[in-house]
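Student: If you scroll down you'll find the structure; I have some questions about it.
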Amino acid sequence: MDIETRLKAAAIGFFILCCALALSFGALQYAVNVANHSSINTNPPLYLYTNTTKKEQLVSIDWGSLYPDDIKNFSFCIWNDHTRNNLTLSMLVTDPQPANLWSYANLSWNQEGTILHPKTYVNTTMSLWIYPNMTGITNFSFNVTISGM
6 MDIETRLKAA
16 AIGFFILCCA
26 LALSFGALQY
36 AVNVANHSSI
46 NTNPPLYLYT
56 NTTKKEQLVS
66 IDWGSLYPDD
76 IKNFSFCIWN
86 DHTRNNLTLS
96 MLVTDPQPAN
106 LWSYANLSWN
116 QEGTILHPKT
126 YVNTTMSLWI
136 YPNMTGITNF
146 SFNVTISGM
């Protein structure tokens, strides 16, 4: 191999190495591990359970490790223990820490406005999306209240 071919090969190798390092640095720069626990509660006659066996009441959600652009789903069930009344479900989220959390994340669920009949349950999924631009937050918390009217 002549010197010109060697120089071209070295230049191409150096370019590939620089691109790989740039991509690695960019990935590491945004790989922020976010720890989160949120309390979740309701008032009778609504009860939250981890599943339909109703053996384990749900009082908090451990979202695990989260990274920018992650979406985590958490499933549970809601039981209407009332004997006569239908309840229309709604969710209220309070006390986000840090206060600007919702600039970097979104919490949604699939049961807003659902009518839950007496002595029945509904399977529920809550989704937490961490926006791709989340920076500077290493842990956060918030409270969720599910109510029925």
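If you count by our numbering, then the sequence shown holds residues 6 to 154, one letter each, in order. Every residue, glycine too, gets a C-beta built ideally from N, C-alpha and C. Treat the numbers as computed from the prediction; the structure is a model and nothing was measured.
(1) In the structure shown, what three-state DSSP assignment does L106 receive?
(2) I'd like to know if the region 81–88 and the region 136–144 are in contact, where contact means that at least 3 CB-CB pairs between them fall below 8 angstroms.
(3) Please classify Q116: does DSSP put it in a helix, a strand, or coil?
(4) Any idea what DSSP makes of V149, helix, strand or coil?
(5) For the region 119–147, list the beta strand (DSSP E) runs that are entirely contained and at least 3 residues long, ordered along the chain.
(6) Indicate the three-state DSSP secondary structure (helix, strand or coil) for V98 in the structure shown.
(7) Should I151 and L94 be called a contact, given that it needs their Cβ atoms to be closer than 8 angstroms?
(8) Please list the terminal residues of the continuous beta strand (DSSP E) segment that includes K77.
(9) Starting from Y52 and walking both ways along the beta strand (DSSP E), at which residues does that stretch end?
(10) Name the DSSP bridge partner or partners of L63?
(11) From D74 to L133, what distance separates their C-alpha atoms?
(12) Measuring alpha carbon to alpha carbon, tell me which of F145, N115, I120 ends up nearest S108.
(13) Return the CA-CA distance between H122 and S70, expressed in angstroms with no decimal places.
(14) For T57, which residues in the same chain have their Cβ closer than 8 angstroms to its Cβ, ignoring the five residues on either side in sequence?
(15) Indicate the three-state DSSP secondary structure (helix, strand or coil) for T47 in the structure shown.
(16) Can you tell me the Cα-Cα spacing of L53 and Q62, whole angstroms?
Tutor: The short version:
(1) Translated into the one-based positions of the sequence shown, residue 106 becomes position 101. In this structure, L106 counts as helix in the three-state DSSP scheme.
(2) Because the criterion of three Cβ pairs below 8 angstroms is not met, the region 81–88 and the region 136–144 do not touch.
(3) Locating residue 116 in the sequence shown gives position 111, where the first residue counts as 1. Coil, per DSSP.
(4) Counted from its first residue, the sequence shown places residue 149 at position 144. Strand.
(5) For the region 119–147, the continuous beta strand (DSSP E) assignments of 3+ residues that do not extend past its boundaries occur at 125–135, in sequence order.
(6) Counted from its first residue, the sequence shown places residue 98 at position 93. If DSSP states are grouped into helix, strand and coil, V98 belongs with the strands.
(7) The count along the sequence shown starts at 1 and reaches residue 151 at position 146. The count along the sequence shown starts at 1 and reaches residue 94 at position 89. One thing to note: I151 has its Cβ within 8 angstroms of the Cβ of L94.
(8) Residue 77 sits at position 72 when you count from the first residue of the sequence shown. 76–85 is the extent of the beta strand (DSSP E) around K77.
(9) As a first step, residue 52 must be located in the sequence shown, where it is residue number 47. Note, Y52: beta strand (DSSP E), 51–54.
(10) On the sequence shown, residue 63 is found 58 positions in, with the first residue counted as 1. In the DSSP output, where bridge partners are listed per residue, L63 has none listed.
(11) For this step, residue 74 is matched to residue 69 along the sequence shown. For this step, residue 133 is matched to residue 128 along the sequence shown. Each residue's Cα considered, the two are about 10 angstroms apart.
(12) One-based indexing of the sequence shown puts residue 108 at position 103. Here the closest residue by C-alpha is F145.
(13) Against the sequence shown, residue 122 aligns to sequence position 117. Against the sequence shown, residue 70 aligns to sequence position 65. Between H122 and S70, the alpha-carbon positions lie close to 36 angstroms from each other.
(14) Reading the sequence shown from its first residue, position 52 is the one you call residue 57. Contacts found: C82, Y126, N128.
(15) Here the question's residue 47 lines up with position 42 in the sequence shown. Here T47 sits in coil by DSSP.
(16) Counting from one through the sequence shown, the residue named residue 53 turns up at place 48. Counting from one through the sequence shown, the residue named residue 62 turns up at place 57. Cα-Cα distance, rounded: 6 angstroms.
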